[in-house]
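To start, the structure under review is shown below, and the notes come after it.
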Amino acid sequence: GLFDSAGYTVAKGYNDFKSKSSKASKIILIQEDGKAADALPYAIDQKADDLTLTQITESAIASLSKNAPKGFFLMVEGGKIDWACHSNDAATFFNEVVDMDNAIKVAYEFYIKYPKETLIIVTADHETGGIHLGTGKSALNLKAFQYQKCSQDVLSNHIKDLRKSKPQVSWEDIRTLLSETMGFWKELPLTWSQEKKLHDTYEESFSETSNARMEKSLYSENE
2 GLFDSAGYTV AKGYNDFKSK SSKASKIILI QEDGKAADAL PYAIDQKADD LTLTQITESA
62 IASLSKNAPK GFFLMVEGGK IDWACHSNDA ATFFNEVVDM DNAIKVAYEF YIKYPKETLI
122 IVTADHETGG IHLGTGKSAL NLKAFQYQKC SQDVLSNHIK DLRKSKPQVS WEDIRTLLSE
182 TMGFWKELPL TWSQEKKLHD TYEESFSETS NARMEKSLYS ENE
């Protein structure tokens, strides 16, 4: 293939990289076969065999620092922070920032070894979604986000799967799904008015005369 003719070794997944990197002069690291090729999954959705930003950073440093008498330049992007913010998916955004922080730790460990030769710059080119730091009072219960188990994208896919598997999705089906994925009624008790709002939305979305209403952002379209 094109990569082979150019002298590149292709590693599919982190374990494949570890087995091939020592003998490769130039290497490309991608997801394993069967995984999405265009982007990593959100950190909140990652499975044990998914490639992570930390693994990519670690692998890139190991590869580029090998036989590099003049040093090297590496750019790592936590690009899905932006995706989550476009969807206003706060819990997913928080997990993406932590994921990016873990990748920075790998770079910092390299800096500790070579402090006089290493410069690390962490920056952002723009902000989306209205997330900001402040010193004013807020009624937002940030601790509630820890109970969200998946991104809006994955939650939307679960709802689509329910629609496909059942001729009529019941309120109990949705209640169970929201309990498992969002922590509602388990870790997060809901008031009567909060549950009513969810139930009204269910009635609107799953009645025989209504169609699923999709919310579209720059990178996704969810129910």
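Residue numbers (my numbering): 2 to 224. C-beta atoms are modelled at their ideal positions from N, C-alpha and C, and glycine is treated no differently.
Alpha-carbon to alpha-carbon, residue j and residue i
i       : j       : result
Lys-48  : Lys-36  : 11 Å
Lys-21  : Trp-186 : 48 Å
Glu-128 : Ala-40  : 20 Å
Thr-58  : Leu-65  : 10 Å
Asn-142 : Ile-29  : 42 Å
Ala-85  : Ser-218 : 10 Å
Arg-164 : Leu-120 : 51 Å
Pro-70  : Tyr-220 : 40 Å
Thr-55  : Lys-19  : 14 Å
Asn-96  : His-87  : 15 Å
Ala-125 : Gln-32  : 25 Å
Asp-201 : Thr-93  : 25 Å
Glu-173 : Lys-13  : 41 Å
Ser-6   : Ala-25  : 14 Å
Leu-199 : Asp-17  : 45 Å
Tyr-43  : Glu-196 : 28 Å
Lys-138 : Trp-193 : 26 Å
Tyr-109 : Ser-208 : 54 Å
Tyr-9   : Ala-140 : 53 Å
Phe-111 : Ser-23  : 18 Å
Leu-189 : Cys-151 : 16 Å
Leu-3   : Asp-83  : 32 Å
Residue i, enclosing alpha helix (DSSP H) - first and last residue
i       : result
Thr-53  : Unbroken run through Thr-53: none, as it is neither H nor E.
Val-107 : 91 to 114
Leu-30  : Looking at the DSSP string, Leu-30 is not in any alpha helix (DSSP H); the run it does join, the beta strand (DSSP E), is 28 to 31.
Lys-198 : 193 to 207
Leu-189 : Premise fails: Leu-189 is in no alpha helix (DSSP H) and is neither H nor E.
Phe-4   : 3 to 6
Ala-40  : Neither: Ala-40 is in no alpha helix (DSSP H) and is coded neither H nor E.
Lys-24  : First-last for Lys-24: undefined, no H or E at that position.
Ala-85  : 81 to 87
Assigned exposure category for residue i - 16 Cβ within 10 Å defines buried
i       : result
Val-99  : exposed
Ile-160 : buried
Met-229 : Residue 229 falls outside the range modelled here, since the chain spans only 2 to 224, and no answer is possible.
Gly-72  : exposed
Gly-79  : buried
Leu-191 : exposed
Lys-234 : The structure shown does not extend to residue 234, since the chain spans only 2 to 224, so no value can be given for it.
Ile-122 : exposed
Lys-27  : exposed
Lys-114 : exposed
Asp-162 : exposed
Ser-1   : Coverage of the chain is limited to positions 2 through 224, which leaves residue 1 absent and any answer about it impossible.
Span of the beta strand (DSSP E), counted from its first residue to its last, around residue i
i     : result
Thr-1 : The shown model of the chain, from 2 to 224, leaves out residue 1, and the question about it has no answer.
Test item: CB-CB of residue i and residue j under 9 Å
i       : j       : result
Gly-184 : Gln-153 : no
Val-155 : Asp-46  : yes
Phe-146 : Ala-104 : no
Gly-135 : Asn-89  : no
Leu-75  : Tyr-15  : no
Glu-224 : Ser-206 : yes
Val-107 : Ile-62  : yes
Exercise for the section: Scan the stretch 117 to 179 and note each continuous alpha helix (DSSP H) run of 4 residues or more that stays entirely inside, going in chain order. Expected result: Runs found: 153 to 166.
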